Structure formats: structure tokens, C-alpha cells
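J.: Protein sequences, first through last, are from chains A and B.
Quick note, the first sequence lines up with residues 1 to 373 if you use full-length UniProt numbering.
Quick note, the second sequence lines up with residues 1 to 373 if you use full-length UniProt numbering.
For every residue, glycine included, the Cβ atom is placed at its ideal position computed from N, Cα and C.
All values reported here derive from a predicted model rather than from experimental measurement.
Dumping the structure here so I can ask a few things about it.
There are 2 protein chains.
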Amino acid sequence: MTDPPPEDTWVVGLDLGGTGSRAAASPGPGRPHIRVEGPPLHVVDGRSDAPDVVRGLCQDLMRELDAAQAGAGTPRIAAAAVGLRGMMAMDRAGRLDPYALHDVLADSLGTERTAVSTDAVTAHLGALGGRGGAVLVVGTGAVGVAVDEYARWYLADGLGYLVGDQGSGGWIGREGLAAANKARDGREDGASQVLLRASERHFGRQRHGITLDSTPDALSLLAGFARSVLAAARAGDPTSVAIRAAAARGLADTLRAALSHPGVEPRVATTGKLITKVPELRALVMSHLTDVRPDVEIVDAAGEPLDGALVLARRLLETPEGVPSNRPFLSVRMGTPDLAAEPFETATVARAPRRRKKLPDGDPVTLRAGSGR
Amino acid sequence: MTDPPPEDTWVVGLDLGGTGSRAAASPGPGRPHIRVEGPPLHVVDGRSDAPDVVRGLCQDLMRELDAAQAGAGTPRIAAAAVGLRGMMAMDRAGRLDPYALHDVLADSLGTERTAVSTDAVTAHLGALGGRGGAVLVVGTGAVGVAVDEYARWYLADGLGYLVGDQGSGGWIGREGLAAANKARDGREDGASQVLLRASERHFGRQRHGITLDSTPDALSLLAGFARSVLAAARAGDPTSVAIRAAAARGLADTLRAALSHPGVEPRVATTGKLITKVPELRALVMSHLTDVRPDVEIVDAAGEPLDGALVLARRLLETPEGVPSNRPFLSVRMGTPDLAAEPFETATVARAPRRRKKLPDGDPVTLRAGSGR
Numbered sequence: 001m002t003d004p005p006p007e008d009t010w011v012v013g014l015d016l017g018g019t020g021s022r023a024a025a026s027p028g029p030g031r032p033h034i035r036v037e038g039p040p041l042h043v044v045d046g047r048s049d050a051p052d053v054v055r056g057l058c059q060d061l062m063r064e065l066d067a068a069q070a071g072a073g074t075p076r077i078a079a080a081a082v083g084l085r086g087m088m089a090m091d092r093a094g095r096l097d098p099y100a101l102h103d104v105l106a107d108s109l110g111t112e113r114t115a116v117s118t119d120a121v122t123a124h125l126g127a128l129g130g131r132g133g134a135v136l137v138v139g140t141g142a143v144g145v146a147v148d149e150y151a152r153w154y155l156a157d158g159l160g161y162l163v164g165d166q167g168s169g170g171w172i173g174r175e176g177l178a179a180a181n182k183a184r185d186g187r188e189d190g191a192s193q194v195l196l197r198a199s200e201r202h203f204g205r206q207r208h209g210i211t212l213d214s215t216p217d218a219l220s221l222l223a224g225f226a227r228s229v230l231a232a233a234r235a236g237d238p239t240s241v242a243i244r245a246a247a248a249r250g251l252a253d254t255l256r257a258a259l260s261h262p263g264v265e266p267r268v269a270t271t272g273k274l275i276t277k278v279p280e281l282r283a284l285v286m287s288h289l290t291d292v293r294p295d296v297e298i299v300d301a302a303g304e305p306l307d308g309a310l311v312l313a314r315r316l317l318e319t320p321e322g323v324p325s326n327r328p329f330l331s332v333r334m335g336t337p338d339l340a341a342e343p344f345e346t347a348t349v350a351r352a353p354r355r356r357k358k359l360p361d362g363d364p365v366t367l368r369a370g371s372g373r
Numbered sequence: 001m002t003d004p005p006p007e008d009t010w011v012v013g014l015d016l017g018g019t020g021s022r023a024a025a026s027p028g029p030g031r032p033h034i035r036v037e038g039p040p041l042h043v044v045d046g047r048s049d050a051p052d053v054v055r056g057l058c059q060d061l062m063r064e065l066d067a068a069q070a071g072a073g074t075p076r077i078a079a080a081a082v083g084l085r086g087m088m089a090m091d092r093a094g095r096l097d098p099y100a101l102h103d104v105l106a107d108s109l110g111t112e113r114t115a116v117s118t119d120a121v122t123a124h125l126g127a128l129g130g131r132g133g134a135v136l137v138v139g140t141g142a143v144g145v146a147v148d149e150y151a152r153w154y155l156a157d158g159l160g161y162l163v164g165d166q167g168s169g170g171w172i173g174r175e176g177l178a179a180a181n182k183a184r185d186g187r188e189d190g191a192s193q194v195l196l197r198a199s200e201r202h203f204g205r206q207r208h209g210i211t212l213d214s215t216p217d218a219l220s221l222l223a224g225f226a227r228s229v230l231a232a233a234r235a236g237d238p239t240s241v242a243i244r245a246a247a248a249r250g251l252a253d254t255l256r257a258a259l260s261h262p263g264v265e266p267r268v269a270t271t272g273k274l275i276t277k278v279p280e281l282r283a284l285v286m287s288h289l290t291d292v293r294p295d296v297e298i299v300d301a302a303g304e305p306l307d308g309a310l311v312l313a314r315r316l317l318e319t320p321e322g323v324p325s326n327r328p329f330l331s332v333r334m335g336t337p338d339l340a341a342e343p344f345e346t347a348t349v350a351r352a353p354r355r356r357k358k359l360p361d362g363d364p365v366t367l368r369a370g371s372g373r
């Protein structure tokens, strides 16, 4: 764990999302990466095409790596990790067997050390550069993610646009479009003429109001409208200001909930397209958070989810004892494929820290040292 | 128009919904109906099965009518009207040609006078027994519907559970389930432990929270949970009380918006499963409404949407000049099938009374008499 890695010990990270995918090979921290991009995830005939996307990215990456080595031979890949958008939901819906991805990584890259995780985990590892704490991810969806001193992961929210993801792009767009519809009807409570005009620019004029119930890409349409709502808030539209305020309250609450698990270091960062591009939303969230958690250190995001996947892969190589499987968030295989027979969802990972020893807040070092507290 | 209808002049009404369908034949007001029931509407291979449901109901009804006449001959059907759940959305999505239903009614019943309408119109005609005013329909969805002295129809909301239908069963269930998810995560803003326990009874224990994004019947699941939220509100759970209060405010606003169109008589009723079965929700809505519209007469619902379809059919027979087509809400055919060539959605029916003469409030009789005001 303290030995430096040998030179030319490459690891591979992959990040698979709804708008695109990417992979990188790294010979070690601070040295240049090889990077390739690929298509977004799709569901085809009721199955996720994640295995195909992973295989394609790995092949492209190895080709690039070969070319970059200029005939000096393809380097050995010592470990690989992939973060996937929607992994848990796809697993539940029977659209993806996360275990199959271990096989694809192992076959494509010739490594026995592989990790498959939800992209919340890789977003955390990227944003905090592998340090402890909690990360708030806000893009189309919203999730708070934290890790404790035993490398146990916790999520807050991330439950989708219908009954969760408060403050996300999808949520803000939904609230904004509802306010536009109210103005069109002549309703008054929560209506916005400004958002009505914005919705007409965004969706075209709709004589009878906008409904998205039967629209397959409703979520991306809503998330696209969020930028208009936040622009209207900056311009002072009261309804839009109220939507932004409710979003910030909800996001701060999600981050606080993730942070409040025992043994999570008091450090936070944010990542994701929406909150990164709307600094006033981040400022509101952090203001709410520091009201209740003045002890927390707020840091800038160190990197992207792809960087987090590389952090995870390098840990498989350098500190494998510090990367336990933590299903359904994270599945680790260290050359022991017989584990694949175990159902992915059965591990006892509690979302809330129930039914295990209550750990005191604020002294993770003492606990880690096994002082008996 | 003032002549009494001849005896044995039967009309037929049909009501097609998401949980079932029904049809009735009536020989005249106050005389016993013949009634049959049928299956709910479905979308099969991208098309609504409404034409098949209508044909089946008509065949069953005529058989019943035959049997009831005991060999005295099948009575002539003089007019027929059908109200459909989701007609406008199905038309927009290319799942249903509303004109095809005129043909099915004409062929199955042997009548030239047919009407095809959204079920909001038949719900209104049933609840107010054909009188003027506005009706609030609250079940899985929520819509305010009003008619002016020129028999022009206006809707408020009814825009679906994603960006509309505030206060409906789907909306209340969605808010309630979001509050349950918050409690599970350890979030605090808008969380409810009471609703978390209720959601576990309703949906079973979900270790990582409930998400419905990939669930085909999400809306009916949400609407089913609304009853639990309203029960928790009755028991005093503060989050549930707040959800019920926001629902009532939104519903009152929807009803007020429908009522505020010029020429709509100041009379209201409510109908639909949710508001009918939850009297305290109706009381809250009416309290908000009378705060802003103390002039409004509140009446009990006179009947169901099926009764409204019979009112509509009888009007086709007795006062056809009073039933203009008012697309996309209502399509009327009086033995002139060449109209069918006209696209259903092109008529200029404004949701808000823009671009036409502003009519003064409160004096519909004078206006109807053509006083030149």
C-alpha cells in the first residue's frame, strides 16, 4: 500500500452515461492519459447495451494505446473500473446483469481486477479525488453520495424525476413547465407569464397547454427547460426565484442527509452539469448547508466521474483491501469470478445506518484506529 | 325545441375511461334506462382500442334493449354521444382518430346524430345536469371545465401528472411518495415518517427508496397512494396536511380559472372519485373558492359522466342548434359525414378567450337575446 506502483502499470477507467460514454487509460497519477469517447447508453429490446458499449470502448482504447506505444508493445492493464448511470434501476428492472460487465472488462482488457459501480460512486471519487466526505451530483437527476471510514457508501435521493431528485434539472424543468401551464390557463397560484413565454420559445406554441405524459423523452425535455427557469430566476421572475429556492433547499437537505452518516468526513464538493454551470444555485445550496453544518469544508471538484473511475481502478491495484464490494452500489472482483454466482442485490447494504453499531460523529480517526469506542 | 319528445325516442350515451366503460339507452328523462358495462380503454400496438370498445358496448346495449322490449321490436336510436378519457392526448399522439368513432356509433346504432367528446365535457353535463357553470373533476387527474352561453367549452389544467393535474390523485400520491423517500434518506425538509410507513404497507419495503421512473403503471400506483396521504392528513401528519392544503389551493385555482371565462354562469359542482370520496378535500377547495368568488352557487353533482353523455345525446335530438362542434373538446355530426374530411384539431377553439370579442361578465341572458351590447 505504501510501495510506489511500478512504471507502466496501467489502469483503465470508464464512465457510461445517458448522453455519452468515455474511457481512459492511465500509467499513473500525473502522467498523460490515453482517452476515447463512445456512444450513450441505450435500452434495446428491454436490455441495456452497457456490455456492448464497454466492449467497444475497451477495443478503441487498446487500439489507441497500441498506437501511442509506437511498437513498444501493448502495456498490461492491471485493473479496470466502470461507473454506470442508472445501474441500480437497470438491475432492478432486469435490463442489466452488472456481473456480466466484470466478464466484459476482464475479456477485453486482460485484467482480473475489475470494479463495476453506479456513477454516483465514480462521481464522488472524481470530485473529492478519493478523499472522504460527501458529494452532491446535480444534472438531469440529483443524488447525494457519501463514504464512511470503512469504505461503505451511502446515497440520498437519486430516486428519479417522478418521486425524487428534488432540485435536479428534471425537477426544476417540471416545476417551471407547470408554472407556464398555470399562466396559460389563467390560474394564479404559482403561475408565471415569463415562463409561459419561455416555454413557447422552447416547445413552440401549444394552444391547450403542454402535456408530456405520453412523451418518451419527457425527462430530457424537462431538464432542457431547467436552464430557462434558472435564467428567469436570475432576471427576477418571482415564481422562478421560488422554484430555484425550493431546489436549493432540497439539494442542501440531500447533501446534509448524505453527510450525516456516522464516519463521513466533514468535507463536501459538487459535480454534475447543472450545478457546475449555475454558480448561484451552488452558492444557495452551500449557504443552506453551512447554516446547519458550519464545520464542513467546502472544496472545488477535483475531477470528473471518469477521473473517479481511474481512482477506483488504481485502488484495486494499490489498496485492494480498501475497496470492499458494497452492493448494490459497487461490485469488486479480484480474480475470483466464482463470486459471480452470488445475486447482485442480496448484500446487506443499508441506505440508512440501521441495525448496526451506532458510530459517534466527528472522530473517524479514533474509530479507524480501533480504540474500542 | 319546446315540443315534448315523442314516446319511444331513445338516445344512447357512452362513457369510456381508464378503469372501465359503460353505456346506457334512455327513452326519455325520468324513465328507466337500459345499461351495460364494458372493458377499460387500452392502447394496443400504438392505437387506442376505443372503436372496438364502443362497438362492443353498442352491440351489448342493443341486445339488452331487444330483450327488454320483449318482442315488441327494437326501438330506433335517435342520437348517441360518447365521452372519452384522454381523447385530446390520444388524438395528438396519433393513437385515435376521433372521427372514426362517429362512424362506429352510426353503424352500430343506426343513427345519424352523433357526438364524440372528451370526458371532461360529459362530466360537466352530468354534474350540472346540463346547466351552465363550471365543474371540477378530481380523480386520478384533475381538470376544471366550464361552458359559456354560446356552448363554448373551456378547460383549465387536465394536463397530466408530469406538468399538471395539481391536486389530483396522481399529484397527491407523487408528493406523498416523495415525502416518504425523504424520510427514508434522513432528509428533513418535507419528509414524513408516517408516509414512509404507509408507503411500506402500500409498496412493500424498499431498501433503497422507491423509484417509479421505469414503471409503466406509475400513475395508477401514485393515485392509489393518494388515499393513504389523505388518511395521514386526517390523522394530523403535518407533511400530509401540507400536501392536502397545496392540493386544495391548486384545485380551487383551477376551478376559479375555468369559472372566470366571460359568459360562464356562477355555478359550480365537483365530480370524480377522489373528491367525491374525500369530503374534507372538497370543503377546503370550496372554502378557497368562495374567498375569491363569494357570488358562486355551489351545487351537488346531479349525475355521472354517463348521465352527461345522455344529456348530450338528447340535445342532439331536441336542441341541435345548441350543440355546436367545439373542437378539440367536442365533435358533433348531424347526418353530414362529409365534415369528416376536416382535420379534427384545426378548429379555432381558444383555451383562453383571446382574439374574440370580450364579453361582459354576469349578464348572459341579455347577450343571448342579442341586445347589441
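Could you name each continuous beta strand (DSSP E) segment of 3 residues or more that falls completely within the region 253 to 317 of chain A, going from the start of the chain to the end?
T.: 267 to 271
J.: Within its chain, find whatever has a CB closer than 7 Å to the CB of B:L221; leave out the 5 residues flanking it on each side and keep chain order.
T.: Stepping through the second sequence from its first residue, residue 221 of chain B is reached at position 221. If we look at B:L221 and ignore the five residues flanking it on each side, its Cβ neighbours are L212, T215.
J.: Take every Cβ of the region 64 to 81 of chain A, pair it with every Cβ of the region 303 to 314 of chain A, and state whether three or more of those distances are shorter than 8 Å.
T.: yes
J.: Quick check on B:M286 - is its C-beta less than 8 Å from some C-beta in chain A?
T.: Taking the first residue of the second sequence as 1, we reach residue 286 of chain B at position 286. Judged by the 8 Å Cβ criterion, B:M286 is not in contact with chain A.
J.: Does any residue of chain B have a CB that is nearer than 8 Å to the CB of A:M62?
T.: The residue labelled residue 62 of chain A in the question sits at position 62 within the first sequence. So, not an interface residue.
J.: At which residues does the alpha helix (DSSP H) containing A:E188 begin and terminate?
T.: Mapped onto the first sequence, residue 188 of chain A falls at position 188. DSSP places A:E188 in no alpha helix (DSSP H); its state is neither H nor E.
J.: Roughly how many whole angstroms lie between the Cα atoms of B:T346 and A:Q206?
T.: The residue labelled residue 346 of chain B in the question sits at position 346 within the second sequence. The residue labelled residue 206 of chain A in the question sits at position 206 within the first sequence. For B:T346, the pLDDT reaches just 34, beneath the cut-off of 50, and the residue's location in the model is therefore unreliable, leaving the point undetermined.
J.: Assuming contact is defined by CB atoms lying nearer than 8 Å, are A:A142 and A:D165 in contact in what I supplied?
T.: Residue numbering aside, residue 142 of chain A sits at position 142 when the first sequence is read from its first letter. Residue numbering aside, residue 165 of chain A sits at position 165 when the first sequence is read from its first letter. It is a contact, given that the beta carbons lie within the stated cut-off.
J.: Determine whether the beta carbon atoms of A:I172 and A:A226 lie at a separation below 8 Å.
T.: In the first sequence, the residue the question calls residue 172 of chain A occupies position 172. In the first sequence, the residue the question calls residue 226 of chain A occupies position 226. The answer is yes: Cβ separation under 8 Å.
J.: Do the region 55 to 69 of chain A and the region 115 to 130 of chain A touch if we need at least three Cβ pairs shorter than 8 Å?
T.: These segments do not touch.
J.: Could you name the residues of chain A that B:T211 contacts, counting a contact when the two beta carbons are closer than 8 Å?
T.: For the purposes of this step, residue 211 of chain B is identified with residue 211 of the second sequence, where counting begins at 1. Going along chain A in sequence order, the residues near B:T211 (Cβ under 8 Å) are A89, L159, G160, L162, V163, G164.
J.: Thinking C-alpha only, which one of B:D107, B:E175, B:G250, B:A198 is nearest B:G190?
T.: By 1-based counting over the second sequence, the position of residue 190 of chain B is 190. Minimum Cα distance to B:G190 is reached at B:E175.
J.: Could you list the residues in the region 244 to 264 of chain B with a C-beta less than 7 Å from some C-beta on chain C, going in chain order?
T.: Of the protein chains in this structure, namely A and B, none is chain C.
J.: In its own chain, which residues sit with a C-beta less than 7 Å from the C-beta of B:G169, not counting the 5 before and 5 after it?
T.: Counting from one through the second sequence, the residue named residue 169 of chain B turns up at place 169. Closer than 7 Å at Cβ, skipping near neighbours: G139, T140, A223, A226, L274.
J.: Helix, strand or coil for B:D97 per DSSP?
T.: In the second sequence, residue 97 of chain B corresponds to position 97, counting from 1. In the structure shown, B:D97 sits in coil (DSSP, three-state: anything other than H, G, I, E or B).
J.: Using a Cβ-Cβ cutoff of 7 Å, what residues of the region 175 to 196 of chain A are near chain B? List them in chain order.
T.: L177, A178, N181, R184, D185, G186, R187, E188, D189
J.: Can you tell me the Cα-Cα spacing of A:W10 and A:A25, whole angstroms?
T.: Position 10 of the first sequence, counted from the first residue, corresponds to residue 10 of chain A. Position 25 of the first sequence, counted from the first residue, corresponds to residue 25 of chain A. One C-alpha to the other measures close to 6 Å.
J.: Output the distance between the C-alpha atoms of B:L128 and A:A183, rounded to the nearest integer angstrom.
T.: Here residue 128 of chain B refers to the residue found at position 128 of the second sequence. Here residue 183 of chain A refers to the residue found at position 183 of the first sequence. Their backbone Cα atoms lie some 27 Å apart in a straight line.
J.: Say whether chain B places a C-beta atom closer than 8 Å to the C-beta of A:H124.
T.: Residue 124 of chain A sits at position 124 when you count from the first residue of the first sequence. It does not; no Cβ of chain B falls within 8 Å.
J.: In the DSSP assignment, find the beta strand (DSSP E) that holds residue 432 of chain B and state where it starts and stops.
T.: Given that chain B is displayed from residue 1 to residue 373, the structure contains no residue 432 of chain B and the question cannot be resolved.
J.: Take the Cβ of A:Y150 as the centre, count every other Cβ of all protein chains shown within 10 Å, and call the residue buried at 16 or more, exposed below.
T.: Taking the first residue of the first sequence as position 1, residue 150 of chain A is located at position 150. Its Cβ having fewer than 16 others within 10 Å, A:Y150 is exposed.
J.: Which residues in the same chain have their Cβ closer than 8 Å to the Cβ of A:V54, if we skip the five residues on either side of it in sequence?
T.: The residue you call residue 54 of chain A lines up with position 54 of the first sequence. Here the set comprises L14, L16, V82, L101, V104, L105, S108.
J.: Could you name the residues of the same chain whose beta carbon sits closer than 6 Å to that of B:L125, not counting the 5 residues immediately before and after it, in chain order?
T.: Translated into the one-based positions of the second sequence, residue 125 of chain B becomes position 125. So the qualifying residues of the chain are G308, V311, L312.
J.: Considering only the alpha carbon of each residue, which of B:G204, B:L195, B:E200 lies closest to B:T239?
T.: For the purposes of this step, residue 239 of chain B is identified with residue 239 of the second sequence, where counting begins at 1. Among B:G204, B:L195, B:E200, the Cα nearest to that of B:T239 belongs to B:L195.
J.: For the region 209 to 241 of chain B, which residues have a CB atom closer than 8 Å to at least one CB atom of chain A, in sequence order?
T.: G209, I210, T211, L212, D213, S214, A218, L219, L222
J.: Compare the C-beta of B:A313 with all C-beta atoms of chain A and state if any pair is closer than 8 Å.
T.: Counting from one through the second sequence, the residue named residue 313 of chain B turns up at place 313. With 8 Å as the cut-off, B:A313 does not count as an interface residue toward chain A.
J.: Is the Cβ-Cβ distance between A:M334 and A:P320 less than 8 Å?
T.: Translated into positions along the first sequence, residue 334 of chain A becomes position 334. Translated into positions along the first sequence, residue 320 of chain A becomes position 320. With respect to A:P320, A:M334 sits close: the two C-beta atoms are nearer than 8 Å.
J.: Look at the alpha carbon of A:G167 and the alpha carbon of A:V332, and state the distance between them as a whole number of angstroms.
T.: Taking the first residue of the first sequence as position 1, residue 167 of chain A is located at position 167. Taking the first residue of the first sequence as position 1, residue 332 of chain A is located at position 332. Spanning the two alpha carbons is a distance of roughly 32 Å.
J.: If distances are taken between C-alpha atoms only, which option among B:L284, B:T271, B:R282 comes closest to B:V121?
T.: Locating residue 121 of chain B in the second sequence gives position 121, counting from the first residue. Closest by alpha carbon: B:T271.
J.: Taking the straight line between their C-alpha atoms, what separation do you get for A:P364 and B:G209?
T.: Taking the first residue of the first sequence as position 1, residue 364 of chain A is located at position 364. Taking the first residue of the second sequence as position 1, residue 209 of chain B is located at position 209. A caution first: A:P364 carries a pLDDT of 27, below 50, which makes its placement in the model unreliable, though a value can still be read off. Taking the straight line joining both Cα atoms gives about 27 Å.
J.: Since I believe A:V285 is in contact with B:N181 (beta carbons under 8 Å), could you give me their beta-carbon distance rounded to a whole number of angstroms?
T.: Indexing the second sequence from 1 puts residue 181 of chain B at position 181. Indexing the first sequence from 1 puts residue 285 of chain A at position 285. Not confirmed; about 19 Å, so no contact.
J.: Per DSSP, which one or two residues make a beta bridge with A:M90?
T.: Counting from 1 along the first sequence, the entry for residue 90 of chain A is found at position 90. In the DSSP output, where bridge partners are listed per residue, A:M90 has none listed.
J.: Distance cutoff 8 Å, beta carbons only. Does A:A142 sit that close to anything in chain B?
T.: Here residue 142 of chain A refers to the residue found at position 142 when the first sequence is read from its first residue. Judged by the 8 Å Cβ criterion, A:A142 is not in contact with chain B.
J.: Is there at least one Cβ from chain A nearer than 8 Å to B:A93's Cβ?
T.: Stepping through the second sequence from its first residue, residue 93 of chain B is reached at position 93. Taking 8 Å as the CB threshold, B:A93 lines the interface with chain A.
J.: Are the Cβ atoms of A:V268 and A:L259 separated by less than 8 Å?
T.: By 1-based counting over the first sequence, the position of residue 268 of chain A is 268. By 1-based counting over the first sequence, the position of residue 259 of chain A is 259. Their beta carbons are under 8 Å apart, which means A:V268 touches A:L259 by this criterion.
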